[in-house]
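Below is one structure, written out as structure tokens; comments come after it.
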Amino acid sequence: MAVVGMLGVVLHPWAEMRFHMAFQTTVAVGLGSVAFHCTLGKFSQALDEVPMLYSALAFTYIGICERYSPSARVRRFLAIGLTFHAIFTTLLVTMSEGFWQFFLFHVICIYRDREIPHQFKSGIIQRSEITESSKHRKHTHDRKISLENAILSETKQLLNTHHDCADSISDHSVYDNQRACANDPVVLTFQRGILSYGVATFCWLTDMLFCELVNPHYKGAILPFNPQLHAWWHIFVSIGLYHLALLTLAARVDSKYGAGHCAQAA
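Residue numbering for the sequence shown follows the working numbering, starting at 235 and increasing by one per position.
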């Protein structure tokens with residue numbers, strides 16, 4: 235996770251500060267996860283959980299700024315509010331232990347999503363961000379296809395005495411459009427991100443629900459070795475998080491410079 239986050243910063247030096255912060259929170263999640271799984275201590279557990287909140291808040295800020303384009307003053311107050319929320323949650327989690335640590339961390343996250351206005355709910359924003367860039371890209375691509383189809387229609391009328399030639403031009407253009415859409419970097423980034431999250435979810439659920447079947451330490455296990463599904467969960471979810479960051483970055487580049495540049499971000 236830490237390596238993935240650092241790659242995001244190194245490979246996109248031109249990105250705005252909020253995107254660098256999102257990538258850096260991924261680094262914090264990775265380092266905290268290593269600390270917790272190596273020590274299984276109380277303090278390291280907070281290092282594992284709290285950076286996840288930081289990452290969610292970073293993407294919440296990015297999502298609100300991208301979707302609603304608030305003024306600089308509103309962005310400043312939004313950043314201050316999210317920062318105080320992060321500090322408050324950090325204190326509660328680190329000053330509690332056991333059940334209360336787990337309970338308070340998740341209750342605060344649920345309370346945050348209940349109290350924030352519906353259009354600003356972080357979960358909705360983060361889930362929608364992963365499709366926002368892809369939808370906008372598809373809309374731009376559909377307009378391009380419509381324009382090309384109109385040109386082809388006029389070309390067919392001019393070549394009405396050469397039907398075979400016109401049909402060949404049309405078929406070739408449709409094939410090129412389909413191939414271009416399939417190879418669109420933003421579409422590929424979206425597909426890889428969804429696939430990574432799907433594999434991560436599969437690893438998590440299998441490890442949690444069927445631990446006695448996949449862990450050879452139990453008598454009823456059906457596998458001769460431990461597939462370490464929890465470790466694979468961390469790997470694939472970090473890959474999915476990186477792709478989410480790329481999609482939000484592509485959406486920002488698209489809105490700022492136009493659709494022709496967003497492929498470079500992905």
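Each residue gets a CB set at the ideal place from its N, CA and C atoms; glycine is no exception.
_If distances are taken between C-alpha atoms only, which option among VAL433, LYS453, ASP488, SER489 comes closest to LEU463?_
VAL433
*THR317 and SER289: beta carbons closer than 7 angstroms?*
no
*asked:* Are the CB atoms of LEU291 and ALA320 within a distance shorter than 7 angstroms?
replied: yes
_For a test of the three-state rule: what should DSSP assign to GLU300, helix, strand or coil?_
Taken through DSSP and simplified to helix, strand or coil, GLU300 comes out as helix.
*ALA249 to LEU483 span [Cα, whole Å]*: 8 angstroms
*Endpoints, alpha helix (DSSP H) assigned at LYS453*: Where LYS453 is concerned, there is no enclosing alpha helix (DSSP H), given that its DSSP letter is neither H nor E.
*Just checking my contact of ALA236 with LEU265 at CB under 8 angstroms: how many whole Å lie between their CB atoms?*
5 angstroms
_Distance, LEU478 Cα to ALA455 Cα_ = Between the alpha carbons of ALA455 and LEU478 lies a distance of about 36 angstroms.
*Which whole-angstrom value is the C-beta distance of SER489 and GLU300, which I expect to be below 8 angstroms?*
7 angstroms
*Find the nearest neighbour of PHE459 within the set VAL448, LYS453, LEU475, judged by alpha-carbon distance.*
VAL448
*Cβ contact check for the segment 302-310 and the segment 271-279: 3 or more pairs under 8 angstroms*: no
*asked:* Can you tell me whether ILE298 is buried or exposed? The criterion is at least 16 other CB atoms within 10 Å of its CB, across all chains shown.
replied: buried
*asked:* So, under 8 angstroms CB-CB, PHE470 and CYS445 are touching, yes? Tell me the CB distance rounded to an integer number of Å.
replied: Not confirmed; about 18 angstroms, so no contact.
_Counting C-beta neighbours from all protein chains within 10 Å, is the total for LEU245 16 or more, i.e. buried, or is it exposed?_
Exposed is the call here.
*Measuring alpha carbon to alpha carbon, tell me which of LEU480, ARG310, LEU439, MET442 ends up nearest LEU422.*
Closest option to LEU422, Cα to Cα, is LEU480.
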